[in-house]
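In my numbering, the protein residues as written are 528 to 626.
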């Protein structure tokens, strides 16, 4: 069915006619389609890009750690808890801290 419109061109030394050349160029894929195929862009790529945009937008509007808070992961989303391993104050005038 689809093979009816296919013409085989053999290298006989004859030049390609203008009509045939126009048909070849007309049926060629666009540069955008060629680049999509070369880069492997498919529906999964678009879904992943949309998920990235959604997550970054939610981070911008709701702040960092919003997902951890919704899920209930301990210590996410807030910066009010101070670790016991951190000193409460640091004297930066010590010789090892000077440039």
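Here a beta-carbon is modelled for each residue, glycine too, at the ideal position from N, C-alpha and C.
As the structure is a prediction and not an experimental result, all values here were calculated from the model.
When secondary structure is reduced to three states using DSSP, residue 557 falls in the coil class, being assigned neither helix nor strand.
For the 8 angstroms CB-CB criterion, residue 585 and residue 593 form a contact.
Annotation for residue 567: no alpha helix (DSSP H) segment contains it, and DSSP assigns it neither H nor E.
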